[in-house]
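In full-length UniProt numbering, the protein residues as written are 1 to 369.
Below you can see the structure in the form of structure tokens.
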């Protein structure tokens, strides 16, 4: 438990002070955020705001985790190292995207196919190692499981190795892209991440207290290294807290794809390593809704353009859009909502999703089914 407090506190302090230094340095070298021309006009004032702030979050978490392990004189676990690998690996993919945007001074950055390739490579390496029997503990638990999971592994939903790898890829790429889509307003993704990673810190602590290695029984959790996963999760929460001080409206720095892809990858990794893959849909409900808004917009736009039947049934013209602009937060901007209002209300939605997810998680343990 000391490691959790040390990790979270150190990450918060490093991020809070380090982001101030990063703002000065990124401003000096001209690492400003390009703004897409087809976005909301209110965002044009953000042009030139220092970006790639996600580097500070990543460094804060890594330094805080290993410092906490040294302070508590405990060895890093395989699960925590895999989670950090996923966090840093996807952060590097995002960094390449941010670097191209800054160096070329356009909002395109890394091409979509190249970004998917990077996400795929990191996901596959993570998946292979997470299921590798050589990393199993003395009870035979590998860091991840080939079962589909909700609040724990669903025993009758065991997947072949290849199918499990595909599932991991879907979860990791989907979640990293979802957090990336949510990172469109000052403090939105950062504040939401604080709550979501805070929730997973509690999940990990509870799984450690009710771990099958110590308590046994029908309601115990077969999770490898839950307490060490809590250290990483708490460190990410603390780093996001520190970064939010500077990222809140009006943002003095933007996390960029470096931060959003890294945070999304870490969130997906926690869901996989804690055997709560489907629970992620509840706890990360805001990210799910924002992603669905983009999918609905693109699908309906293409359908209305190509199929006359769709236009006839829905009584719309060709190239019709469901939302004024996506991701969803930009739709409300186009309706005239203030950015701060949108962010606060989306934080409220995140809080409700987190409360619902934790409630389901605890209720299932109480009723014992």
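Heads up, the beta-carbon is just placed ideally off N, CA and C, and yes, glycines get one too. On a predicted model such as this, the values are computed, not experimentally measured, just so you know.
- The beta-bridge partner set that DSSP reports for residue 327 is empty.
- Closest by C-alpha distance to residue 338, out of 186, 225, 125, is 186.
- DSSP, reduced to helix, strand and coil, places residue 322 outside both helices and strands of the structure shown, so it counts as coil.
- Looking at 269, 229, 82, the one whose alpha-carbon comes closest to that of residue 202 is 229.
- Annotation for residue 129: 82, 135 place their beta carbon closer than 7 Å to its own, counting only its chain and skipping 5 residues before and after.
- Between the segment 65-82 and the segment 221-240 there are three or more C-beta pairs closer than 8 Å, enough to call the two in contact.
- With a contact defined as Cβ atoms closer than 8 Å, residue 275 and residue 343 miss out at about 32 Å.
- One Cα belongs to residue 325, the other to residue 156, and the distance between them is close to 42 Å.
- In the structure shown, residue 254 adopts coil according to DSSP, grouped into three states.
- Partner residues in the beta bridge of residue 211, as assigned by DSSP, are 221.
- Put simply, the backbone Cα of residue 279 is about 42 Å away from that of residue 29.
- The three-state reading of DSSP puts residue 154 in strand, counting E and B together.
- In this structure, residue 219 sits near residue 210, with a CB-CB distance shorter than 9 Å.
- In the three-state reduction of the DSSP assignment, residue 145 falls in the coil class, being assigned neither a helical nor a strand state.
- Taking C-beta atoms as the reference points, residue 86 and residue 266 count as a pair closer than 9 Å.
- Taking C-beta atoms as the reference points, residue 161 and residue 131 count as a pair closer than 9 Å.
- By the CB criterion at 9 Å, residue 114 and residue 347 fall outside the cutoff.
- No residue range can be given for residue 274, since it is assigned to no alpha helix (DSSP H) and is classified by DSSP as neither H nor E.
- A Cβ-Cβ contact shorter than 9 Å links residue 98 with residue 51.
- CA-to-CA, the gap between residue 286 and residue 350 works out to about 6 Å.
- By the neighbour-count criterion, in which a residue is buried when 16 or more other Cβ atoms sit within 10 angstroms of its Cβ, residue 169 is buried.
- Taken through DSSP and simplified to helix, strand or coil, residue 50 comes out as strand.
- In the structure shown, the three-state DSSP call for residue 228 is helix.
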